[in-house]
Amino acid sequence: MNLSYRIYYVFFRNLVSYKRFILPTFVVSLGQPLFYLITFGIGMGAYMGYFGGKPYLNFLVPGVLVSSVMLSSTFECLYGTFVKVSYQKLFDSLIATPVSAEDAIAGEIAWGAFRGLVSGSLMLVVATFMHVFPVSIVNVLLLLVLMIFIGILFGSLAMIVTSFAPNFDFFNYYTELIITPMLFFSGVFFPLDRFPGWMKVFAKFLPLTHAVNISRSAFSGVPSPGLALDFLYIILLEAVAFYIGIKLMKRRLIK
Amino acid sequence: MNTMIVAKDLTKKYGDFTAVDGISFEIKEGECFGFLGPNGAGKTTTIRMIHCVSPVTSGTVTVLGKKSHIDNREVKLMTGVIPQEINLDPDLTVYENLVIFAKFFDIPRAEIKKRVAELIGFVELESKRNSKIDELSTGMKRRLLVARALLNQPRLIIADEPTTGLDPQARHLIWERLRSLKSRGTTLILTTQYMEEAEQLCDRLMVMYQGRILKQGSPRQLVSDEIGREVVEIRIAKEEDEKLIAQMADVSCGHERVGDTLYFYCRDGHEVMKKIVDFNLPNVLNRPATLEDVFLKLTGRTLIE
């Protein structure tokens, strides 16, 4: 694969253009997860019992946090990339330079991961104000690293979809049939231990489930059983998705 | 002069469709070489293979001895492309567009500043330095594309229909800029549908049609070989052709009927005109021969539909 340090140049291009959109995108990245935190966390939480000795809000935050990373990186690598490819034909000019198609796609994924990191970090700041935060600074750093990995994972998955999407509307298949259900079946809003067997197995196949587990451990400081498996799953899926995403997208860009 | 580009049996197929059909040509360093032909002739497809953004189906094309393929960074480093589509970055200003693009070539920051300032001056866009792309006219956008193509100080510049959609004034400005590049020794490949552009800029050119090369040579040579020096156009009914052709046989060196017009080719228009005047025919035009006539003769249709 023709990857090089030039990935940074593509990332930098996105960074420069981003400064015009910081405010509106902040609002969007924060909006939905914040909505969940307040309505479910505080609102519904008042009616709920305790989870592992803590209020519902504490149970909710780790999951919502990784969800916001998932959403941001997904949207960036779906809509953001699609606009650049189809309408703006930006990559045509780029590919005529020493920056390869692979560099460009990896740069887009890296950017998606960065957007995810920004969302997740903002969420962390908001959660801190709500008195929910990881037990130590080391755990905070681990959480940030997790966010980057999750960002690359979902960015790559989104890139696979973008590689064969004929138009914007096509993305609805992915967002409504895969991303949104993942939010509800991954243990973000309620624990999975009282689910029927088949649902538990199904949840294990969802990357978000494993991300939520790791996030919960980072907040509580207590490593959950199967944490190693969670890491393994994420890293493997990420490597595969990254490779396939680049290969498929390259086919779309190079004719 | 050194040879810059060599193409041998260069072919491009999209599935069953052959866009470029085993063409061979050579381009010398420092010359302005034109690809003249209508839409769909295979001009853009060919140059995309030359500057390494489109994979070659079969055959080869080399740039200064280096074979062109998708991952060839060396060729890309020494090539500047003025594309047909205006693919500027709409989220960035004029200045930012150039700086970001310059970074793609690993040019150091101080050098970028210098070159960008110089090039904005070269294309006369100083007043628009901090403007967004959608605030520019088409002519300004095309000038910006020219500036962008020069950031890496390329030895080879590819201009793909660089004046499409421009008014005559804007067109002449771009021609001026391209001519000054040529005087610096840069090799220029130009694709165009406009015979005036080809005649103004190109040292040599090849006429392309349906993926093949019909003829190669200098503009003047092509015209004089195929047509002569002058053309007399007569708009008469088809039925009159045979009679008129027979009568003109001793003064013309060829003829062609296209649509509602009969064209006579000749070395000297005077003789033909003398006869025409005698016959008292209306709708007659005597003019110098052009590349359009060459194309017409070779394909039976006009360059621009």
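Chains as they are written, first to last, in the working numbering: chain H, 1 to 255; chain F, 1001 to 1305.
Every residue gets a Cβ at the ideal spot worked out from N, C-alpha and C, and that includes glycine.
Under 9 Å from the C-beta of residue i: neighbouring residues of chain C
| i | result |
| --- | --- |
| Arg1143 (chain F) | Here chain C cannot be found, since the structure's protein chains are H and F. |
Below-9 Å beta-carbon distance, residue i vs any chain F residue
| i | result |
| --- | --- |
| Val16 (chain H) | yes |
| Lys247 (chain H) | no |
| Ile109 (chain H) | no |
| Asn172 (chain H) | no |
| Ile254 (chain H) | yes |
| Arg6 (chain H) | yes |
| Arg58 (chain H) | One point to set straight first is that residue 58 (chain H) is Asn, not Arg, in the sequence displayed. Chain F, which has no Cβ nearer than 9 Å to the Cβ of Asn58 (chain H), makes this no. |
Same chain, Cβ closer than 8 Å to residue i, five either side skipped, listed in chain order
| i | result |
| --- | --- |
| Gln1200 (chain F) | Trp1175 |
| Asp1009 (chain F) | Gly1022, Ile1023, Ser1024, Ser1058, Gly1059 and Thr1060 |
| Met1195 (chain F) | Leu1036, Thr1290, Leu1291, Glu1292, Phe1295 and Leu1303 |
| Cys1253 (chain F) | Gly1228, Tyr1265, Cys1266 and Arg1267 |
| Leu60 (chain H) | Tyr36, Leu37, Phe40, Gly41, Gly45, Val188 and Phe189 |
| Pro1288 (chain F) | Arg1229, Glu1230 and Val1231 |
| Phe257 (chain H) | Not covered by the structure: residue 257 (chain H). The range shown for chain H is 1 to 255. |
| Leu117 (chain H) | Val69, Leu144, Met147, Ile148 and Gly151 |
Chain-order list of residues whose beta-carbon lies under 6 Å from that of residue i (same chain, five-residue window excluded)
| i | result |
| --- | --- |
| Ala113 (chain H) | Ser73, Ile148, Gly151, Ile152 and Gly155 |
| Ala1102 (chain F) | Ile1112 and Leu1151 |
| Phe1105 (chain F) | Asn1152 |
| Leu78 (chain H) | Ala158, Thr162 and Phe171 |
| Tyr56 (chain H) | Gly45 and Met48 |
| Thr1046 (chain F) | Val1020 |
| Ser29 (chain H) | Ser72 and Ser119 |
| Glu76 (chain H) | Gly112 and Arg115 |
Residue burial classification, residue i (beta-carbon count within 10 angstroms, cutoff 16)
| i | result |
| --- | --- |
| Lys250 (chain H) | buried |
| Met199 (chain H) | exposed |
| Lys1066 (chain F) | exposed |
| Val1076 (chain F) | The amino acid at residue 1076 (chain F) is misidentified as Val; the sequence shows Lys. Per the 10 Å Cβ criterion, buried. |
| Ser1137 (chain F) | exposed |
| Val99 (chain H) | buried |
| Leu1285 (chain F) | exposed |
| Met1 (chain H) | exposed |
| His1051 (chain F) | buried |
| His210 (chain H) | buried |
| Ala1110 (chain F) | exposed |
| Thr1191 (chain F) | buried |
| Tyr9 (chain H) | buried |
| Asn1280 (chain F) | exposed |
| Thr1044 (chain F) | buried |
| Tyr87 (chain H) | exposed |
| Val268 (chain H) | What is shown of chain H runs 1 to 255, which leaves residue 268 (chain H) out entirely. |
| Ile105 (chain H) | buried |
Chain H contact for residue i (CB, 9 Å cutoff)
| i | result |
| --- | --- |
| Val1123 (chain F) | no |
| Arg1148 (chain F) | yes |
| Ile1079 (chain F) | A small correction: the amino acid at residue 1079 (chain F) is Thr; Ile does not occupy that position in the sequence shown. It does; some Cβ of chain H falls within 9 Å. |
| Asn1152 (chain F) | yes |
| Tyr1209 (chain F) | no |
| Tyr1194 (chain F) | no |
| Tyr1263 (chain F) | no |
Supposed close pair residue i, residue j - CB separation, criterion 8 Å
| i | j | result |
| --- | --- | --- |
| Ile1189 (chain F) | Leu1145 (chain F) | That belief does not hold up - the Cβ atoms of Ile1189 (chain F) and Leu1145 (chain F) are roughly 15 Å apart, past 8 Å. |
| Leu1205 (chain F) | Phe1033 (chain F) | 7 Å |
| Gly45 (chain H) | Ser215 (chain H) | At roughly 18 Å, the Cβ-Cβ gap does not stay under 8 Å, so Gly45 (chain H) and Ser215 (chain H) are not in contact. |
| Cys1266 (chain F) | Gly1228 (chain F) | 5 Å |
| Asn1097 (chain F) | Arg1148 (chain F) | 7 Å |
| Gly1080 (chain F) | Pro1154 (chain F) | 4 Å |
| Leu232 (chain H) | Pro207 (chain H) | Their Cβ separation, rounded to whole angstroms, is 12 Å, which puts Leu232 (chain H) and Pro207 (chain H) out of contact at 8 Å. |
| Val1232 (chain F) | Val1272 (chain F) | 5 Å |
| Val1053 (chain F) | Ala96 (chain H) | 5 Å |
| Ile1082 (chain F) | Ile1158 (chain F) | 7 Å |
| Gly1211 (chain F) | Thr1018 (chain F) | 6 Å |
| Leu34 (chain H) | Ile160 (chain H) | 29 Å between Cβ atoms; not a contact. |
Same chain, Cβ closer than 7 Å to residue i, neighbours up to 5 away in sequence not counted
| i | result |
| --- | --- |
| Glu1256 (chain F) | Tyr1263, Leu1296 and Lys1297 |
| Leu192 (chain H) | Lys200 and Ala203 |
| Arg1235 (chain F) | Asp1260, Thr1261 and Asn1283 |
| Asp1160 (chain F) | Thr1044, Ile1047, Ile1082, Pro1083, Gln1084 and Thr1191 |
Could you name the residues of the segment 79-102 of chain H whose beta carbon sits closer than 7 Å to any beta carbon of chain F, in the order they occur along the chain?
Gln88, Lys89, Leu90, Asp92, Ser93, Leu94, Ile95, Ala96, Thr97, Pro98, Val99 and Ser100
Using a Cβ-Cβ cut-off of less than 7 Å, give me the residues of the segment 9-35 of chain H that come near chain F, in sequence order.
Tyr9, Phe12, Arg13, Val16, Ser17 and Arg20
Using a Cβ-Cβ cut-off of less than 7 Å, give me the residues of the segment 1082-1100 of chain F that come near chain H, in sequence order.
Pro1083, Glu1085, Asn1087, Asp1089, Pro1090, Asp1091, Leu1092, Glu1096 and Ile1100
Could you name the residues of the segment 1100-1134 of chain F whose beta carbon sits closer than 8 Å to any beta carbon of chain H, in the order they occur along the chain?
Ile1100, Phe1101, Lys1103, Phe1104, Phe1105 and Asp1106
What residues from the segment 1061-1076 of chain F come within 8 Å of chain H, judged by C-beta to C-beta, listed N to C?
Ile1070, Asp1071, Arg1073 and Lys1076
Of the residues that make up the segment 1037-1058 of chain F, which ones have a beta carbon closer than 8 Å to any beta carbon in chain H?
His1051, Cys1052, Val1053, Ser1054 and Pro1055
At a Cβ cut of 8 Å, what residues of the segment 138-168 of chain H count as close to chain F, listed as they run along the chain?
none
Check distances from the C-beta atoms of the segment 190-221 of chain H to those of chain F and list, in chain order, the residues that come in under 9 Å.
none
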